[in-house]
Amino acid sequence: MKKFISILSGLFLLASVTANASEFILNEYNVITIEDFEGLGGTHVDGKTFVGGNYTGLKSDFGQRLDQNSRSDITALTVAGSINAQVGVYVHDTVLSSEKNIVTAAINSNQVLINSTLIDSKIDNVKLTTGLDAIKADYKAQLENSSAYFSSLAANSKIETNGNNKTFAIDKGLNTDNDIAVFTLDGSTNIFDLNNLSLSMTGDNANDLAYIVINVPGNDVSMLNNSNMNFDKNKFGSKIIWNFYEAEVITLNAQNFVGALLAPYATVTQTGGNIDGAVGVLSLITNAEIHLATNVDVTVPAPSAGRPVTQVPEPSSIVLMLLAMTGLIYQRKKLNV
């Protein structure tokens with residue numbers, strides 16, 4: 002019986018652990034790259050950026066739209082690898098980087114050299130630290146788990162087609178702040194390969210929803226430069242999560258991309274319009290402005306082993322199972338007396 006009580010205690014502990022969940026990390030960060038970030042010049046990021054690898058490229062601007070009233074508490078740019086840019090980098094708040102980098106004393110009150118890169122920021126705002134690889138591993142796991150969770154959601158809204166015009170029509174029956182509108186693109190046809198593609202979204206109930214997921218299959222995804230994403234970004238932009246859950250290569254040459262871009266296994270190249278939403282990818286090559294737009298009410302369930310999502314019984318289900326086991330053992334003991 003003591004052994005059974007021990008098992009019982011362990012299973013209750015398991016129930017409490019599997020109930021753990023996390024907030025969607027792209028609500029906090031405007032950009033997360035697990036590996037490298039290459040800015041091709043003219044790159045602007047409104048919010049916070051975490052680079053798990055190296056930052057390279059031409060002049061970029063980080064933290065443009067961070068809260069003016071809490072600048073002392075904000076790290077606008079974190080780089081776990083090295084920082085090397087051909088032209089300087091402007092950072093509106095603190096720069097946090099690994100000890101792999103060399104910081105030279107301030108050139109003046111507002112400029113610092115990190116390696117050979119001129120950083121427009123005060124010397125007091127540039128900090129070297131250890132432990133960023135552990136943070137990188139945590140963020141990698143969070144992005145991958147979020148993507149797996151979103152891809153497991155069943156579609157409940159339809160994509161209407163009229164030639165190369167695709168309309169994402171949110172189901173009218175979704176009308177509470179717990180509801181999630183889910184679209185899944187047909188894996189047999191990559192709509193992004195269509196010439197003159199025009200995407201739009203309808204749904205007067207969008208503001209009532211927790212968020213909107215668009216699941217996109219495929220290893221190699223390209224959006225051509227004559228395509229348009231005509232979503233009303235003021236109405237839908239902050240709610241949309243594009244989940245490229247299989248992609249390894251994504252090329253975006255079209256007009257503005259509207260919504261968060263989640264692709265934890267992909268190298269994303271964006272040389273067309275801007276991105277109106279957060280970005281969480283393996284690596285990023287861009288000259289775009291990345292705007293702070295994502296604000297979704299989502300709690301991602303605790304990760305399960307491996308890449309696919311495995312459904313775990315709710316704690317209440319586990320309790321019922323344990324009660325049934327207890328009753329069975331009790332009945333067997335009575336029969337053996």
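Residue 338, in my numbering, is where the sequence shown stops; the numbers in between run on with no holes.
Ideal Cβ placement from N, Cα and C applies to all residues, glycine included.
Keep in mind it's a predicted model, so treat the numbers as computed, not measured.
Around the beta carbon of glutamine 271, 16 or more other beta carbons lie within 10 angstroms, which makes this residue buried. For a cut-off of 8 Å, the C-beta gap from asparagine 111 to aspartate 121 is around 6 Å, short enough to register as a contact. Per DSSP, glutamate 145 lies in no beta strand (DSSP E) segment; the continuous alpha helix (DSSP H) that holds it begins and ends at 133-152. Counting along the chain, glutamine 87 sits inside no beta strand (DSSP E), nor does DSSP assign it H or E at all. Valine 217 is not a Cβ neighbour of leucine 154, given a cutoff of 8 Å.
By the neighbour-count definition (other C-beta atoms within 10 Å, threshold 16), glycine 132 is an exposed residue. The beta-carbon separation of threonine 287 and threonine 44, rounded to 6 Å, stays under the 8 Å limit for a contact.
Collapsing the DSSP output to three states places asparagine 179 in coil. Taking all protein chains in view, the Cβ of lysine 240 is crowded by 16 or more other Cβ atoms within 10 Å, so the residue is classified as buried. Burial check for glutamate 100: the Cβ neighbour count within 10 Å stays below 16, so the residue is exposed. A direct Cα-Cα distance of roughly 14 Å separates asparagine 235 from tyrosine 212.
Phenylalanine 51 is bridged by DSSP to Ile33, Thr79.
For the set Asn257, Ala261, Gly82, the Cα lying nearest the Cα of isoleucine 242 is the one of Ala261. Under the three-state reduction of DSSP, serine 98 is assigned to strand. Proximity of the stretch 246-262 to the stretch 222-230 meets the contact definition, three or more beta-carbon pairs being nearer than 8 Å. Secondary structure of isoleucine 242 (DSSP, three-state): strand.
Rounded to whole angstroms, the separation of the alpha carbons of glutamate 24 and glutamate 39 is 27 Å. Apart from the 5 residues on each side of it in sequence, leucine 27 sits with its Cβ closer than 6 Å to the Cβ of Ala261, Ala279, Gly281, Thr295 in its chain, given in chain order. Around the C-beta of threonine 118, 16 or more other C-beta atoms lie within 10 Å, and the residue is accordingly described as buried. Under the three-state reduction of DSSP output, alanine 279 falls in the coil class, being neither helix nor strand. A Cβ-Cβ separation of about 5 Å places glutamate 145 in contact with proline 265 under the 8 Å criterion.
Taking a 10 Å sphere around the C-beta of alanine 135, we find fewer than 16 other C-beta atoms and assign the residue as exposed.
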